[in-house]
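As structure tokens, the structure follows; a few thoughts come after it.
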Amino acid sequence: MRTNYLPPVYKWLALSILLLFSACDLFQYHPYEGNLEYKNLTAENVARIKALEAQYTPQTTLRFAFTGDTQGYFAETEDMVKDMNTRDIAFVVHAGDITNYAFTDEFERMHQELSKLKAPYITVIGNHDCLGDGDKLYKEMYGPLDHSFTLGPHKFIFLNTNFLEFDESVPNLTWLEQELNTSPSILNKFVISHISPDNAEANRAKEQEYARLMRDYDVRLSLHGHTHNYKAGQLYNDGITYVTTAASLKRSYVLVTVTGTQATFEKIEF
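Put into structure tokens, the structure is as follows:
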């Protein structure tokens, strides 16, 4: 009697299992897993910006670029970066949706494109960046979801507005008001978030409170992405301008120029 005999069907089953486990070695990591090559980019880039702070007085003109929704549009983003590098800008503001699916390699590949900028870039998280464990990756790679920095008489506040991916506490308007309550030395305040307060995917229960804070604290510009289309104007006829930048796919971004307490902006096509 052949005690070691295995019918052919079992041999094929055993071989298939071995091949399956062997194939797992082809994957370096799950798309949502960490293993990030780049970390704490927000702090790193803010430090680069702050190093120039002495240059920016109330009389100095500040110019920065504003983009968003680069999510997988690598060729277009590469062309956009080349155009931005021809401009005299202090930094670039990114309104979120760095990625499409919040995969690790997406975050890293897009950073590799954006790191070709001569100027540092600062981001806010978008709804696509929150998919899966994307918010954890974002925090590890960039930093806090809500954050701010000052540059001379200017303050830039970055606010997470993706409440569908979180809960009713988003956006954190208590934190926002604390950040807006600045000393008189701050002449201009800019609030950057992915989703504008009037959007169908925004937390509409907080829409009017958001608009009130913009008015009460005389925010110079409220800057957004998400829709992939350029739009600018007053949402509430209250003197506060809301600007939405197009996705890089549309081959445009916004150039903002600040002199004194005046901020002007123009759509740049590339």
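In terms of my numbering, the sequence shown has 55 at position 60, counting the first letter as 1, and numbering is strictly consecutive. Glycine included, each C-beta is placed from N, C-alpha and C at the ideal position.
Burial state of residue i, where buried means 16 or more other Cβ atoms lie within 10 Å
i: D213; result: exposed
i: R215; result: buried
i: T94; result: buried
i: D162; result: exposed
i: S217; result: buried
i: S110; result: exposed
i: E174; result: buried
i: K201; result: buried
i: T169; result: exposed
i: D211; result: exposed
i: T81; result: exposed
i: A90; result: buried
i: T65; result: buried
Spatial neighbours of residue i in its chain, beta-carbon cut-off 7 Å, leaving aside the 5 residues before and after
i: R274; result: The displayed coordinates of the chain run from -4 to 265. Any statement about residue 274 would go beyond what the structure contains.
i: E172; result: L208
i: A241; result: H223, N224, Y225 and S247
i: M75; result: T62, S243, Y248 and F265
CB-CB length for residue i against residue j, believed under 8 Å
i: H221; j: G67; result: So it is not a contact: roughly 15 Å between Cβ atoms.
i: P115; j: R43; result: 4 Å
i: V238; j: V249; result: 6 Å
i: N40; j: I117; result: 6 Å
Under 8 Å between C-beta atoms of residue i and residue j
i: T55; j: G127; result: no
i: A60; j: I84; result: yes
i: F260; j: V251; result: yes
i: L159; j: V186; result: no
i: H142; j: D92; result: no
i: S247; j: I263; result: yes
i: H189; j: H223; result: no
i: L36; j: Y137; result: yes
i: L112; j: V87; result: yes
i: S243; j: T62; result: yes
i: P315; j: T177; result: A query on residue 315 cannot be resolved here, the shown segment of the chain reaching from -4 to 265 and no further.
i: T145; j: E108; result: no
i: K34; j: E196; result: no
Beta-carbon contacts of residue i that lie in its chain and below 6 Å, excluding the five residues immediately before and after
i: Y205; result: P192
i: C125; result: N157 and E160
i: D78; result: F265
i: Y133; result: I120 and D124
i: K245; result: none
i: G129; result: A97
i: N198; result: F158
i: A227; result: V238
i: H106; result: Y33
Proximal residues to residue i (C-beta, below 8 Å), its chain only, five neighbours per side dropped
i: T256; result: L182, N183 and R215
i: R47; result: Contrary to the premise, residue 47 reads as Leu rather than Arg in this sequence. Cβ within range, chain order: A85 and L146.
i: R58; result: R82, D83, I84, A85, L250, V251, T252 and V253
i: A38; result: G138
Q: Decide yes or no for the touch test of the stretch 172 to 183 against the stretch 135 to 152: beta carbon pairs closer than 8 Å, at least 3 of them.
A: The stretch 172 to 183, when compared against the stretch 135 to 152, does touch it at the 8 Å Cβ threshold.
Q | the stretch 218 to 236 contacting the stretch 98 to 118, beta-carbon criterion three pairs below 8 Å | A | Touching, no, given that fewer than three Cβ pairs across the two stretches are closer than 8 Å.
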